[in-house]
Amino acid sequence: MDASLVCLRDLAGRPRGTGFAADHHGTVLTSHEAVDGLTRLVLHAPGAGGRSCVVGADAVTPLPELDLALVRTEGLGVEPLPVTARDAVGTGAYVRIAAGGWREARVLGPASVTYTATEGRHLLDGALELAIGTAGRDALRRGGGTAGGPVLD
């Protein structure tokens, strides 16, 4: 796994997704589905000397309407990734996602998608539909390598 990414697991060790540091204070940005329904969460930063931390639900700021969550952590030592100020990535552009290593994907365009959380279904307008090929499709499943991870352009 890339040194800038953080693995998210439940207390039983099952993968829930990926996140990345959004600031120097240890705030991890991930998808809402990666943390949804968990009372405690294990975050592991393999590239930062193998550091881990366990947080409770009180450390999570859920943003289900955006399928995002912010997780307050301490001691992971992960360098933050820059977040763009750009409004959008255009159709046809190529981006990189963490799907079993960094994989190139092409933006097909905006799409409306729905995901199911513990408190109901959420409609997301303007999500990016990506063409990643069959080798990367398992990474998009819940708990897969890209769930909650960054899209880099």
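Each residue of the sequence shown is one higher than the one before, counting from 23 in this note's numbering.
Ideal placement from N, C-alpha and C gives every residue a C-beta, glycine not left out.
Going by beta-carbon coordinates alone, are residue i and residue j separated by less than 9 Å?
i	j	result
L65	G41	yes
L92	V28	no
L63	G78	yes
S53	A169	yes
L146	G131	no
R38	D32	yes
G71	G35	no
In the DSSP output, which residue or residues are listed as bridge partners for residue i?
i	result
V111	Answer is none; V111 lacks a bridge partner.
H54	Its beta-bridge partners do not exist; DSSP assigns none.
S74	H66
A149	A133
R143	T138
L27	F42
T49	R94
L174	R118
Measuring alpha carbon to alpha carbon, tell me which residue in the options is nearest residue i.
i	options	result
L174	L90, W124 and A25	W124
A121	A81, A34, S74 and L152	L152
R73	E55, G48, I154 and G39	G48
D80	E55, T95 and P37	T95
G148	A25, V111 and P68	V111
A43	E55, S26 and L30	S26
I154	D24, R143 and V129	V129
A127	P172, G97, P68 and R143	P172
P68	V135, H144 and D24	D24
Notebook entry, point to check: Is the stretch 104 to 112 touching the stretch 83 to 93, taking contact as three or more C-beta pairs under 8 Å?
Noted result: no
Notebook entry, point to check: Are the stretch 95 to 104 and the stretch 116 to 123 in contact at 8 Å, needing three or more beta carbon pairs?
Noted result: no
Next item on the list: Report yes or no: do three or more beta-carbon pairs, one from the stretch 139 to 148 and one from the stretch 51 to 59, lie closer than 8 Å?
Entry: yes
Check: Which runs of the alpha helix (DSSP H), 4 residues or longer, sit entirely within the stretch 76 to 141?
Finding: none
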